[in-house]
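Peer 1: Okay, here's the structure, questions in a sec.
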Amino acid sequence: MGSSNNNFLILSGAVLAVVLIGAGFYFLSASAGPEDDRSKMTAFDILRTQSLKSEGKCAFCGTLGTNHEHADFKVYLNNEAINFNNPAYFVKSSYVHVESGENPAETGNVIHIHARNVPLWFFFESIGMSFKESCFGFNSQLYCSNSGNKLRLFVNGVENSQLGNYVPKNLDKILVSYGKDSGIGEQLQSITSYSARTALGD
Ligand SMILES: [Zn+2]
1 MGSSNNNFLI LSGAVLAVVL IGAGFYFLSA SAGPEDDRSK MTAFDILRTQ SLKSEGKCAF
61 CGTLGTNHEH ADFKVYLNNE AINFNNPAYF VKSSYVHVES GENPAETGNV IHIHARNVPL
121 WFFFESIGMS FKESCFGFNS QLYCSNSGNK LRLFVNGVEN SQLGNYVPKN LDKILVSYGK
181 DSGIGEQLQS ITSYSARTAL GD
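Be aware that the sequence shown starts at 1, since it is given in the UniProt record's numbering, and climbs by one per residue.
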């Protein structure tokens, strides 16, 4: 008699404990929300999204992991391609990055996008470059549009005036080009198609 009562009490206690722990986890995860999942953010992400949020302009902060898209891209400065197959550029942001993938040929040719509404400038800024208005920054040098040279963005072969504010879409072929008007055709041709061809991992 007494032992069956004890068993009941122990069982009730165990059930209550499970419910309380479950509720605790639920409230913790609910209050943390996607905005505060810093464990997955890089140092750049934490700093930059903080400043963007305080300025009230971040359409993508906190949406990490809600998306996974890919775009092939090239950047040419005076007809010379920047090589993004460089560990110094890998995964500097969790929102958008190049990375060393399973297919070595793809590495540095594909932007991986892990949130919605992430503009191109955010990617370039994360790797120490810049893409602001009519200037592209690379190796401490600014390449700005002037009378003889132009900074241009092409998306799927069509010129796009949004420049660094453009938000890449899945399977886009993106060209950023600075210089004289020559060579754009060849530059467009050089953009790879790995996003469309393969199921890319991360
Ligand atoms: Zn990916």
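Don't be surprised by glycine CBs; every beta carbon is placed ideally from N, CA and C.
Between which two residues does the beta strand (DSSP E) carrying Y166 extend?
Peer 2: As a position in the sequence shown, residue 166 is number 166, starting the count at 1. Run containing Y166: none; DSSP gives neither H nor E here.
Peer 1: Kindly indicate the opening and closing residues of the beta strand (DSSP E) around E69.
Peer 2: As a first step, residue 69 is located in the sequence shown; it is residue number 69 there, counting from the start. E69 to L77 is the span of the beta strand (DSSP E), which, as asked, contains E69.
Peer 1: Three or more beta-carbon pairs under 8 Å between the region 175-193 and the region 64-78, yes or no?
Peer 2: Contact between the region 175-193 and the region 64-78 is present, because at least three Cβ pairs lie under 8 Å.
Peer 1: Compare the beta carbon distance of R48 and S100 with 9 Å and say whether it is the shorter of the two.
Peer 2: For this step, residue 48 is matched to residue 48 along the sequence shown. For this step, residue 100 is matched to residue 100 along the sequence shown. No, the pair does not count as a contact, with Cβ atoms beyond the cut-off.
Peer 1: Are there any heavy atoms of ligand 1 lying less than 8 Å away from the beta-carbon of D202, as far as the coordinates show?
Peer 2: Translated into the one-based positions of the sequence shown, residue 202 becomes position 202. Yes, the beta carbon of D202 sits closer than 8 Å to at least one heavy atom of ligand 1.
Peer 1: State the DSSP-derived secondary structure class of E80, mapped to helix, strand or coil.
Peer 2: Within the sequence shown, residue 80 is the residue found at index 80, counting from 1. Of the three classes helix, strand and coil, the one that applies to E80 here is strand, per DSSP.
Peer 1: Once you ignore the five residues that flank K53 on each side, which residues in its own chain have a CB closer than 7 Å to its CB?
Peer 2: Working through the sequence shown from its first residue, we reach residue 53 at position 53. Cβ within range, chain order: C61.
Peer 1: For the putative contact between residue 261 and V98, defined by C-beta atoms under 8 Å, what is the C-beta separation to the nearest angstrom?
Peer 2: With the chain covering only 1 through 202, there is no way to say anything about residue 261.
Peer 1: Got a sec? Which residues, its chain only, sit under 7 Å from F138 by beta carbon, not counting five neighbours each side?
Peer 2: Indexing the sequence shown from 1 puts residue 138 at position 138. Once the five neighbours on either side are set aside, the close Cβ partners of F138 are L77, I82 and M129.
Peer 1: CB-CB under 7 Å to C58, same chain, minus the five flanking residues each way: which ones, in chain order?
Peer 2: Within the sequence shown, numbered from 1, the residue matching residue 58 stands at position 58. Within the same chain, C58 has close Cβ partners T49 and L52.
Peer 1: Run the CB neighbour count on P119, radius 10 Å, all protein chains shown included, and call it buried at 16 or more, exposed below.
Peer 2: Within the sequence shown, the letter at position 119 stands for residue 119. Flag for P119 reads buried.
Peer 1: Enumerate in chain order the residues of its own chain whose CB-to-CB distance from N149 is below 7 Å, with the five nearest sequence positions on each side excluded.
Peer 2: Counting from one through the sequence shown, the residue named residue 149 turns up at place 149. Contacts found: Y178, G179 and K180.
Peer 1: Within the continuous beta strand (DSSP E) that includes residue 203, where are the two ends?
Peer 2: Lying outside 1 to 202, the shown extent of the chain, residue 203 is not represented and no answer is given.
Peer 1: Are F136 and I184 touching if we call contact CB-CB under 9 Å?
Peer 2: Residue numbering aside, residue 136 sits at position 136 when the sequence shown is read from its first letter. Residue numbering aside, residue 184 sits at position 184 when the sequence shown is read from its first letter. No, Cβ-Cβ distance for F136 and I184 is not below 9 Å.
Peer 1: Considering only C-alpha positions, which residue in the set E159, H114 and T42 is nearest to G65?
Peer 2: Position 65 of the sequence shown holds residue 65. Selected option, being the one with the closest Cα: H114.
Peer 1: Which class does D36 belong to by DSSP, given the choice of helix, strand or coil?
Peer 2: Numbered from its first residue, the sequence shown carries residue 36 at position 36. Note that D36 scores a pLDDT of 49, beneath 50, so its modelled location is shaky; the value from the coordinates is reported in the next line. Note: D36 maps to helix in three-state DSSP.
Peer 1: Only counting the same chain, and skipping five residues up and downstream in sequence, which positions put a Cβ closer than 8 Å to that of S190?
Peer 2: Residue numbering aside, residue 190 sits at position 190 when the sequence shown is read from its first letter. Excluding positions up to five away in sequence, the list reads K74 and A81.
Peer 1: Whole angstroms are fine: how far does the CA of F123 sit from the CA of P104?
Peer 2: Here residue 104 is taken as the residue at index 104 of the sequence shown, counted from 1. Here residue 123 is taken as the residue at index 123 of the sequence shown, counted from 1. Going from the Cα of P104 to the Cα of F123 covers about 21 Å.
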